[in-house]
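Enquirer:
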Amino acid sequence: MVYEGTRRVGVHEVEDAVVEEPTDVVVRITSSAMCGTDLHMYDGRTGARPGLVLGHEPLGVVEKAGPAVTMVAPGDRVVMPTHLYCGVCPTCARGLTAACTRVRPGGFGAAYGYAGMGPYRGAQAELLRVPYADANCMPLPGSPGDAYEDAFVLLADAFVTGWHACELAGTGPGDSVAVFGAGAVGLLAAHSAVLRGAAEVYVVDHLPERLAVAADFGALPVDTRDGDPGEQIRSLRNSGGGMPPGEAGLDGVTCGIDAVGFQARSRADLDQEDPRQVIDDLAAIVNPTGRIGVAGVFAAHDAHPAPHGHADGTLQVPWAVLFDKGVRVGFGRTHDRRYTRLLRDLILTGRAEPQRVVTHHGPLEDAPAFYTAFDRREDGVIKAVLHP
Ligand SMILES: NC(=O)c1ccc[n+]([C@@H]2O[C@H](COP(=O)([O-])OP(=O)(O)OC[C@H]3O[C@@H](n4cnc5c(N)ncnc54)[C@H](O)[C@@H]3O)[C@@H](O)[C@H]2O)c1
Ligand SMILES: [Zn+2]
Ligand SMILES: [Zn+2]
Numbered sequence: 007m008v009y010e011g012t013r014r015v016g017v018h019e020v021e022d023a024v025v026e027e028p029t030d031v032v033v034r035i036t037s038s039a040m041c042g043t044d045l046h047m048y049d050g051r052t053g054a055r056p057g058l059v060l061g062h063e064p065l066g067v068v069e070k071a072g073p074a075v076t077m078v079a080p081g082d083r084v085v086m087p088t089h090l091y092c093g094v095c096p097t098c099a100r101g102l103t104a105a106c107t108r109v110r111p112g113g114f115g116a117a118y119g120y121a122g123m124g125p126y127r128g129a130q131a132e133l134l135r136v137p138y139a140d141a142n143c144m145p146l147p148g149s150p151g152d153a154y155e156d157a158f159v160l161l162a163d164a165f166v167t168g169w170h171a172c173e174l175a176g177t178g179p180g181d182s183v184a185v186f187g188a189g190a191v192g193l194l195a196a197h198s199a200v201l202r203g204a205a206e207v208y209v210v211d212h213l214p215e216r217l218a219v220a221a222d223f224g225a226l227p228v229d230t231r232d233g234d235p236g237e238q239i240r241s242l243r244n245s246g247g248g249m250p251p252g253e254a255g256l257d258g259v260t261c262g263i264d265a266v267g268f269q270a271r272s273r274a275d276l277d278q279e280d281p282r283q284v285i286d287d288l289a290a291i292v293n294p295t296g297r298i299g300v301a302g303v304f305a306a307h308d309a310h311p312a313p314h315g316h317a318d319g320t321l322q323v324p325w326a327v328l329f330d331k332g333v334r335v336g337f338g339r340t341h342d343r344r345y346t347r348l349l350r351d352l353i354l355t356g357r358a359e360p361q362r363v364v365t366h367h368g369p370l371e372d373a374p375a376f377y378t379a380f381d382r383r384e385d386g387v388i389k390a391v392l393h394p
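Residue numbers (the numbering used here): 7 to 394.
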């Protein structure tokens, strides 16, 4: 699946992926998911060059292994984290794999099929070269096409990112959590918050079919077309018996999550973007001493910034409100591999059901139509999974 230019993608023949280093494997892809991150590139915003093979959410079977690979072998079913890493550098050794110092010359952290994130070819393809395979291949039980296929492909990115958003926001037992964005990442952040024991989880968006999935996960949907989401959440928290005595000022939430990123829509006009909208709303709804996790991507260079945006990624944010409330804010890419194994095991015991966000399946040839529909938020596409 090759990026041809703004809002143009196509299926092209490219050279087969091969073992280049003794530590590589080549994986035959059985499922490869599409992501909101692909849309930042598809929309021509983040400097993708024509010819880029897209995709960073791969699940498959090892086909060939280099001579130095010892942890996996041909025939093994594996999922690979989006953010590839070496496993042994100072940041990897601390489990902070998205900031690996060795995978991107002149930078830190890398990803497959991702403009500006290293030379690694994308995973919406039949074959994928996986560097540092002992670190990057997560073994899985079962066989391709079984009942776990949809859940396991979400271990590459969407589920681990949802979980990471909860880590950034420090969600735990008894918390009240507001998640902005009901894409796969926001929905799986809501699912993660419930699994981590939150008392209440609100999911904010303007797309009813996505909010319905949030309700399915036990979250309370908040539709921004019905008014200010913060006011809606406060009034929900005050409904029923109302806030307990002495807690009237705490009718916001303890934790807030941005699962939208720089392409956030303006609530004043849903046809326009406003990259400040979500952080403004989060600053307003989070309680004093609350925590915010920002998992939505903010691009370093935006080729077509919105009116309130900035080409170099600089944003005006409500710093004083955050200071005054004593809010902790965490940012960034998910350190996938910290969570892959534990989320795999929650899937295997049936406690986690991330596959509820998967709405579409098809061969690579269907991908251009999926990109169009996903970009326009049409046909109910939340997560499309390709089977190359
Ligand atoms: N941190 C990471 O490692 C990481 C990993 C994967 C994805 N991401 C990012 O997470 C974000 C979400 O990914 P996704 O696949 O779920 O994308 P998506 O595009 O499917 O979902 C985004 C959702 O946000 C909603 N939205 C837009 N403006 C809003 C607003 N003002 N308030 C509330 N909701 C609003 C949209 O309607 C949409 O449902 C993207 O920015 C993606 O790049 C980050
Ligand atoms: Zn992704
Ligand atoms: Zn490393």
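We put the CB at the ideal spot given by N, CA and C, even for glycine. No experiment lies behind these values; they were computed from the predicted model shown.
Take the Cβ of Glu217 as the centre, count every other Cβ of all protein chains shown within 10 Å, and call the residue buried at 16 or more, exposed below.
Expert: Correcting the residue identity first, residue 217 is Leu in this sequence and not Glu. Buried, by the Cβ-count rule.
Enquirer: Give the secondary structure of Cys440 by DSSP, where H, G and I count as helix, E and B as strand, and everything else as coil.
Expert: This structure does not reach residue 440, given that the chain is present from 7 up to 394, and the question cannot be answered.
Enquirer: So the candidates are Arg83, Gly115, Arg344; which of them puts its Cα closest to the Cα of Thr36?
Expert: Looking at the Cα atoms, Arg83 is the closest of the given residues.
Enquirer: Measuring alpha carbon to alpha carbon, tell me which of Gln130, Val25, Val31 ends up nearest Cys377.
Expert: Per the sequence presented here, residue 377 reads as Tyr, with Cys not at that position. Tyr377 has its Cα closest to that of Gln130, out of Gln130, Val25, Val31.
Enquirer: Inspect the beta-carbon positions of Ala195 and Ile263 and report whether they are closer than 8 Å.
Expert: yes
Enquirer: Can you list, in chain order, the stretches of the beta strand (DSSP E) that have 3 or more residues and sit fully within the segment 322 to 358?
Expert: 334 to 337
Enquirer: For Tyr118, which residues in the same chain have their Cβ closer than 6 Å to its Cβ, ignoring the five residues on either side in sequence?
Expert: His62, Tyr126, Gly128, Ala129
Enquirer: Where does Val166 sit, in a helix, a strand or coil, going by DSSP?
Expert: helix
Enquirer: Considering only residues of the same chain and omitting the five flanking positions on each side of Pro369, which have a CB-CB separation below 8 Å?
Expert: Leu392, His393, Pro394
Enquirer: On the CB-based measure, 16 or more other CB atoms within 10 Å of its CB, does Asp280 come out buried or exposed?
Expert: buried
Enquirer: Measuring only the C-alpha atoms, how far is Lys70 from Leu256?
Expert: 56 Å
Enquirer: Which residues in the same chain have their Cβ closer than 8 Å to the Cβ of Leu133, if we skip the five residues on either side of it in sequence?
Expert: Asp22, Ala23, Val32, Val33, Arg34, Ile35, Glu69
Enquirer: By alpha-carbon positions, which one of Pro311, Ala141, Pro28 ends up nearest to Arg51?
Expert: Pro311
Enquirer: Go through its chain and collect everything with a Cβ distance to Arg231's Cβ below 6 Å, but skip five positions before and after it.
Expert: His212
Enquirer: May I ask you to check if the CB of Gln278 is nearer than 7 Å to at least one heavy atom of ligand 1?
Expert: no
Enquirer: Using CA coordinates, which residue listed in Leu90, Leu288, Val67 is at the minimum distance from Ala79?
Expert: Val67
Enquirer: DSSP state of Ser398, grouped into three classes?
Expert: Not covered by the structure: residue 398. The range shown for the chain is 7 to 394.
Enquirer: CB-CB under 7 Å to Ala220, same chain, minus the five flanking residues each way: which ones, in chain order?
Expert: For Ala220, where only same-chain residues beyond five positions count, the Cβ hits under 7 Å are Ala188, Leu193, Ala196, Val209, Pro227.
Enquirer: Strictly closer than 7 Å from CB to any heavy atom of ligand 3: give me those residues in the order they appear in the chain.
Expert: After applying the 7 Å Cβ criterion, the set is Tyr91, Cys92, Gly93, Val94, Cys95, Thr97, Cys98, Thr103, Cys106, Thr107, Arg108, Val109.
Enquirer: Can you list, in chain order, the stretches of the beta strand (DSSP E) that have 3 or more residues and sit fully within the segment 57 to 138?
Expert: 64 to 71, 83 to 85, 133 to 136
Enquirer: Of all the options Phe380, Ala199, Cys106, Glu215, which has the alpha carbon lying nearest to the alpha carbon of Gly180?
Expert: Ala199
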